[in-house]
Amino acid sequence: MKTAPVLDAPVLDAPVLGAPRPHDSAAWHVDGQALYLDDIAEPAGLLHAVIGLSRVAHARFPAPDLSEVAASPGVAAVLMARDVPGVNDVGPSFPGDPIFADGLVEYHGQSVFVVAAETLEQARAAAALARIDYEVLKPVLTIDEALAAQSFVLPTQVMRRGDADAALARAPRRLKGRLLIGGQDHFYLEGQIAMAIPGEGDDMHLFSSTQHPTEVQHLTARALGIADHNVVCESRRLGGGFGGKESQASQIAVIAALLAARTRRPVKLRLDRDDDMVLTGKRHDFRTDWDVGFDDTGRIEGITFELASRCGISPDLSGAINDRAMFHSDNAYFLGNATIVSHRCKTNMVSATAFRGFGGPQGMMGIEAVMDAIARHLRLDPLDVRKRNFYGGAGRDETHYGMRVENFPVPAIIRQLEASSEYAARRRAIDTFNATSRWSKRGLALTPVKFGIAFTLLRMNQAGALVHVYTDGSVMLNHGGIEMGQGLFVKVAQIVADAFGVPLDRIKNTATSTAKVPNTSPTAASSGTDLNGHAAHNAACIIRARLAAVVAAEFGVDEASIAFRAGQVVAGDRALPFVDAVRLAYSQRVQLSAAGFYRTPKIHYDYATHRGRPFLYFACGAAVAEVEIDTLTGEYRLHRADIVHDCGRSLNPAVDRGQIEGGFVQGMGWLTTEELVWDTDGVLRTHAPSTYKIPSCGDVPTALHIDFFDDVEDADGAVHKSKAVGEPPLMLGIAVFQALQDAVCAACPGDAPRLDAPATPERVLMAIAAHRARQPA
Amino acid sequence: MRDSIAFLLGDTPRTLRGVDPTMTVLEYLRGPERRCGTKEGCAEGDCGACTVVLGRPRADPGAAPGTMTYEPVNSCILFLHALDGCQLLTVEDLHVHGAKLHPVQQAMVDHHASQCGFCTPGFVMSVFALTQSAASVPDRAGINTALAGNLCRCTGYLPIVAAAKAACAAPVSRDDATTVQRLRAMRDPAPVRLAAAGTTLFVPTGVDDLVRLLAAHPDATILAGGTDVGLWVTKQHRRLPVIVSLEAVEGLDRIVLCEDRIEIGARVTLEALLPVLAGPYPAFAAMLRRFGSRQVRMRATLCGNVANGSPIGDTPPALIALGAEVRLRGAGGARTMPVEDFFLGYRQTALALGEFVERIDIPRPRMGERFHVWKVSKRFEQDISAVCGAFRLTLDGATIAEARIGFGGIAAIPFRARATEATLTGGLWHEATLASSRETLARELTPISDMRASADYRRIVACNLLTKLHAETWSPGATPALAEIAA
Ligand SMILES: Cc1cc2nc3c(=O)[nH]c(=O)nc-3n(C[C@H](O)[C@H](O)[C@H](O)COP(=O)(O)OP(=O)(O)OC[C@H]3O[C@@H](n4cnc5c(N)ncnc54)[C@H](O)[C@@H]3O)c2cc1C
Ligand code: FES
Ligand code: FES
């Protein structure tokens, strides 16, 4: 028997909202009890599946010869495109993501077939026996090739305000540049996995490591050619998601379900790390060309951005991701006359997908490079140029897509951060250091973040929750959100505990399931708490109102005078323990279960004109980073970073702090050591941690100071005035990149070499080496 | 000869026979044992999610009787035979369900050190091992060294660092005496032969046995720490018909400190070697601290790094620069050669069929000699080098009396830069000699481009290391020691 681990009992009337409560599963994480999908007791007769991956990037192929695969020991089933009874596509919004390639492979590592066998080893051995004759076609691999071939997954979009060309022509000063921004692998520690258990008739019970159980359910039904109500998709926790399991989990789950339906046996499909990295999508890489006109103080008058992203073979979520890149091309700055063009390039690579920030980070990188370039051109501190361009002041409070920027906290955040980080003094100290240090140079940068909160796809901004109160006073909480490490479950439980005035341990979050809350949105866009917290709050309030009515009648008082706190239902000087109130209600045949629902207000957007209010609010923050580079090897270290971030009224400062810390480090990784290398055949060469380097412990300095913005605006925010914190901190990592740029410039006096992302030691050194080569000997 | 192995799983004795000798400890735990606390994140030793701890009675001469050592290792690349005679501890062993959490676990909760939690059991085990070995609360650098082999994608590490500090401040010792007794009672000195699933694995106990086995099975795979061989199985899914493990061969675990050299046996792990080299060659030790991770170094041997014959191995450049020798032994006897002569071509070595590397001899430093080695990689910790350059300079005033240079990552084999050595030798160690040696080196190199670095970068870095050498010779500390930053 497993019993719940002992946590220190919370003080009964301590406020639960805003308390730094541990993650809901913390104790189970540390003692190994937490069950991830692969840890769940395996049902008898379980088969293990291995996907047969394409070995070329672009080719036609006749129906493969899988006879040897099928005849291999232990094999129970082999499936390919023609074996899909329903629709052979798992595209989330547009078609284009075949479950199995059908006569045409479009990227190296694409799934061609799947084999299920008694053991994983047998399945693996069998998969190696496939014979596929590829008629190799020329692949389109780079952004340049795709643009030349006009190869797009979706039409080019343009956002416009004013006449950027005229403003550029008029501006006293003008600069142009290009920035290459690399992609990023999610590297969730738990790889993609699903287990399908067939039931009676068409029933299919799926366990999936997904951020979007509803989509898994719907796509499984569609692939099997059955109604949605036959499929249940369940997920208790993910070993990390970061966007990588938003649309990418579907194919894995659907394939497991296809095999289970065919064999009538349970099937597990777990990708090993290499297959995971090869087969599933990553962050989009971008080529950003900019052309900016500005005055002598560095203030922008007009700008054009031409963004081109590598989307891989299919639209997947690329439309919304590239839209978000366009929405964030301003970051925190008023752009004046602006034209933003966005090309969504189709290439013969795995389809790029959601990743924390969802295009926003790439959008921001462009304008931050512009700020830096203007400052270098004018020989100003980049921070001064940034400040001059912030939103604010007459006529400078509307984004290039027509949304008002209200209660803009960035200038105040920067003031707080400049003081806490001692920016000015450190800038002087670094200048002095750089003047005397020959081989080592330091760099400093402060960059802001303004990130729009809401799904830009309107219909996704809704959520449901289900709350049951049992007659022992314990509460079961269920909602559409997925717990993937971000602390969603504890936050939503805090909201419900607060609503009922009971200790947190009375609330139990149960596994997310399409059978409990239907038609949910993915846990993404930082919206998990905003949406599900609201929905759960609404459900709790429905039950609370019923309980209040019962207790009011019992006490003979007005319902409005009833309060729920400290485990009691209170009216004036009378109180009833919560559990007694529950029993009373039960005995009076009052329903103790409720479904809650929420939809985000105020938002609207017109895609034809690219104008509207796509976001409910902005989540903002800023970071200062100081780095030191070795100009002989290009290696570097982050010395110190200071962050001020606006979490609104934090529901759980420990969780929010964790999101800020982790997001910053992940953003830093994206822009420094995390390099995806594809060769000229379109083969990903970095498909394991031996070659793909996410930050390790020593990359994070002890001097990483995190403060919450302390002047929180009351008018703003979401549930209980908290703010979304999942994605925005990732973009704080841009400060590290800009600090490296600053150090590189310090190593190249009179020059401002371009640094592309990720700024690996190689890129840092090559930027300096190019400068050295230009110097007279 | 035994056909089984015996160990303690936590406190429960286990005897295994008839198991696939290339089954990994991770597969064993998650499979037959259904102990699922230990996770697989990569199956190649790089993420630490599978970290478990091997306890064994302390054998070193100074050890108090009845005490144990606790080694964190990556269970995903560890074959089962390595458990023989050990105590295997997993995250489930630290705390009994229903009871209070172990202090390491409680510290992780208190510091909010888990988010998705998938990396957490691995960190718990690494921190647990640290609490058992650290004499005092380690500084940040010490904690980094202990945690470099554990990746976390969620937290940004600092909460884990804080938890590790707290746990080390109040370590809880285990009942070592009882465990030692139990392990002693289980000990069986007979050599082991495990055969199943098409693989036969021998664990001989004496050098003579080893020689005989290798003569009888010249095609056998020699297995030392398995940090390379393990991946042949877990990543390349190769079947190895015959394996001869050095795990229990007596004598090969010795480090002998002679007057003029240090002899390092085939079983000596890098973790054991590190403190020994810290005195005579601090730069070598500093480089070793960045070799793999602690989990890797607990298993990886110096001789394995050489025998592996990889052009990117980190120790061959240093060994070449130091003039180290490798001693090979086979049925025909022993022979010794300079390390650079051991490497014949891309992944080809001088090792004849039936031979093994018995030991490596590193000369002790002589007067007037300076030694530097620099490892340059994309990530600072736990990464494979883009370039590794090692230099031994003997100066007579400003004159270079002798120069020896070894490089990794810039040719098909670990490379001795003889032409550059010649340019340097006899010259004055001034800017002009630096310039000409850079030119020679640039001509001498044949680097390749791959996912780790371009050939251009490798060439520039290699030459810049000469500049670094020059700067460090005349003003030590002139170039940044990145290891010391950011702690
Ligand atoms: C996560 C990770 C990180 C790593 N990081 C580094 C790094 O930073 N730098 C680096 O250089 N390497 C690194 N390696 C590679 C590996 O750890 C080293 O090469 C190690 O020294 C190999 O030693 P071993 O004892 O584990 O060898 P094994 O894996 O047991 O054997 C390696 C090869 O040598 C042969 N062999 C071993 N011992 C002998 C002997 N005595 N006589 C004859 N043949 C023998 C084996 O047959 C095999 O071909 C890393 C590996 C991993 C998994
Ligand atoms: S699973 Fe990653 S190191 Fe073992
Ligand atoms: S907590 Fe998710 S990987 Fe560490």
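Residue numbers (my numbering), protein chains in the order written: chain R, 15 to 791; chain S, 5 to 491.
Each residue gets a CB set at the ideal place from its N, CA and C atoms; glycine is no exception.
Under the three-state DSSP convention, the category His719 (chain R) falls into: strand
Neighbour flag for Asp524 (chain S) against chain R, beta carbons, 7 Å: Because residue 524 (chain S) is not part of the residues shown, which for chain S are 5 to 491, the question remains open.
Between the CA atoms of Thr319 (chain S) and Gly393 (chain S) - distance to the nearest angstrom: Their backbone Cα atoms lie some 10 Å apart in a straight line.
Collapsed DSSP secondary structure at Arg442 (chain R) in the structure displayed: The three-state reading of DSSP puts Arg442 (chain R) in helix, counting H, G and I together.
For Val739 (chain R), the three-state DSSP class (helix, strand or coil): coil
Residue-chain proximity (Gly22 (chain S), chain R), Cβ-Cβ < 7 Å: Not a single C-beta of chain R is nearer than 7 Å to the C-beta of Gly22 (chain S).
Coarse secondary structure for Val113 (chain R), derived from DSSP in three states: Note that residue 113 (chain R) is Ile in the sequence shown here, rather than Val. DSSP places Ile113 (chain R) in coil when its eight states are reduced to three.
Residue of S:Val246, S:Leu235, S:Gly372 and S:Val207 minimising C-alpha distance to Pro222 (chain S): S:Val246
Beta carbon proximity, Phe201 (chain R) to chain S, threshold 7 Å: yes
Interface residues of chain S facing Arg699 (chain R) [CB-CB closer than 8 Å]: Asp454 and Met455
Cβ-based neighbour list, Ala773 (chain R), same chain, cut-off 7 Å, excluding 5 preceding and 5 following: Leu685, Thr686, Phe751 and Leu754
Chain R contact for Ile9 (chain S) (CB, 7 Å cutoff): Answer no: the Cβ-Cβ gap between Ile9 (chain S) and chain R never drops below 7 Å.
6 Å Cβ shell around Ser125 (chain R) - same chain, five flanking residues per side excluded: Residues Ile65 and Phe114 of the same chain have their beta carbon placed closer than 6 Å to that of Ser125 (chain R), with the five preceding and five following residues left out of the count.
Expected contact under 8 Å - CB spacing of Ala479 (chain R) and Asp756 (chain R) to nearest Å: Not confirmed; about 47 Å, so no contact.
Residues near Leu205 (chain S) by beta carbon distance below 7 Å, same chain, minus five either side: Pro25, His85, Leu198, Ile247 and Ser249
Alpha-carbon spacing of Tyr285 (chain S) relative to Phe395 (chain S), whole angstroms: 12 Å
Straight-line Cα distance separating Thr534 (chain R) from His548 (chain R): 14 Å
beta-carbon Gln680 (chain R) near ligand 3 non-hydrogen atom, thresh 6 Å: no
Assumed close pair Ser323 (chain R), Phe348 (chain R) - CB separation to whole angstroms, cut-off 8 Å: Between Phe348 (chain R) and Ser323 (chain R) the Cβ distance is about 25 Å, and since that is not below 8 Å, they are no contact.
Exposure of Gln225 (chain R), with buried meaning 16 or more beta-carbon neighbours within 10 Å: Note on Gln225 (chain R): 16 or more other CB atoms within 10 angstroms of its CB, so buried under the neighbour-count rule.
Outcome for Gly197 (chain R) when other beta-carbon atoms lying within 10 angstroms are tallied against a minimum of 16: When all chains shown are included, Gly197 (chain R) counts as buried.
Any non-hydrogen atom of ligand 1 within 6 Å of Ala390 (chain S) CB: no
Paired residues, beta bridge with Phe465 (chain R) - DSSP: According to DSSP, which records beta bridges pairwise, Phe465 (chain R) is partnered with R:Ala633.
Leu58 (chain S) Cβ short of 6 Å to ligand 1 heavy atom set: no
Cβ neighbour criterion (16 or more within 10 Å) applied to Thr311 (chain R): Burial call: exposed.
Identity of the residue in S:Val233, S:Phe127 and S:Arg191 nearest Arg18 (chain S) by Cα: S:Arg191
Proximity below 7 Å, CB of Arg370 (chain R) to CB of Gly501 (chain R): no
Spatial neighbours of Arg250 (chain R) in its chain, beta-carbon cut-off 6 Å, leaving aside the 5 residues before and after: Ala525
Cβ-based burial, Pro212 (chain R) [other Cβ within 10 Å; buried from 16]: buried
Outcome for Ile340 (chain S) when other beta-carbon atoms lying within 10 angstroms are tallied against a minimum of 16: Sequence inspection shows Thr at residue 340 (chain S); the Ile mentioned does not correspond to that position. With fewer than 16 Cβ atoms within 10 Å of its Cβ, Thr340 (chain S) is classed as exposed.
Chain S contacts made by the region 29-45 of chain R, where a contact means CB separation under 9 Å: Pro34, Pro36, His37, Ser39, Ala40, Ala41, Trp42, His43, Val44 and Asp45
Min CB distance Asn148 (chain S) to chain R below 7 Å: yes
C-alpha distance - Asp445 (chain R) paired with Ala771 (chain R), whole-angstrom precision: 25 Å
Simplified DSSP assignment, three categories, for Phe83 (chain S): strand
Short CB-CB distance (under 7 Å) between Met498 (chain R) and chain S: yes
Complete alpha helix (DSSP H) runs within the region 655-731 of chain R (minimum length 4 residues, chain order): 667-685
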